[in-house]
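>
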Amino acid sequence: MIFSGRAGIYELSSDIKLRIEKADELRKARGKLSQSILGEISSKFIITVGDRVLKSAISAGFIPNVCIFDMMEERNFIGPPENISGFLLLRTRNERGTISKDAWASVRDAIIIASRGIRTAVLVEGEEDLLGFPAVIMAPEGSYVLYGQPKEGIVHVLVTDDVKDEAIKLLYELFEVV
């Protein structure tokens, strides 16, 4: 069992790593692919995963409830994002190609805190790319999770029970316990 939980709050039982042979499967967009955010979002609860997506959301006038970033873009340091000074900051560590227990818990905690009205940022030392999984799995139904699709645009995922079930299924298919 990779994780356990109740009522949308899940615990990762150990760090997990993307299976190398499944990497191509993960590269498929799992929501609506768009070049922008403007006019696409109709939710009151928004989670962004990635520095470029956060910047795009803020530029379009959407301040996310939760943002997950690592101050890197395509492996280059870009510095801290602008306009999140009022966010509660959580820090975590997550290696490339993995989802660590600590990073999973930080995303979970950020969503819980943000659902109480406090915008929350998760600063990842390492890489945040795969943290869309816990974001989707634990986001409130009707939320949007936005993440970048490299060199293609922004993926908009409207969180539903079916989308959560698909994310859980993919965790079991694409990842292995470290």
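Per my numbering, residue 380 is the first one in the sequence shown, and the count goes up by one each step.
Ideal Cβ placement from N, Cα and C applies to all residues, glycine included.
Small disclaimer: the values here were computed from a predicted structure and weren't measured.
(1) Is Arg-402 buried or exposed, if buried means 16 or more other CB atoms sit within 10 Å of its CB?
(2) Looking at the structure shown, is Lys-548 part of a helix, part of a strand, or coil, going by DSSP?
(3) Could you pull out every unbroken beta strand (DSSP E) segment of at least 3 residues lying fully inside the stretch 478-550, listed in chain order?
(4) Is Arg-431 helix, strand or coil by DSSP?
(5) Name the two residues that bound the continuous alpha helix (DSSP H) containing Glu-404.
(6) In the DSSP assignment, what residue or residues form a beta bridge with Lys-396?
(7) Do you know offhand how far Ile-533's Cα is from Lys-407's?
Answer, in terms of the structure:
(1) Inspection of the sequence shows that residue 402 is occupied by Ala rather than by Arg. Label assigned to Ala-402: exposed.
(2) helix
(3) 499-505, 523-528 and 532-537
(4) helix
(5) 402-405
(6) Thr-477 and Glu-555
(7) 12 Å
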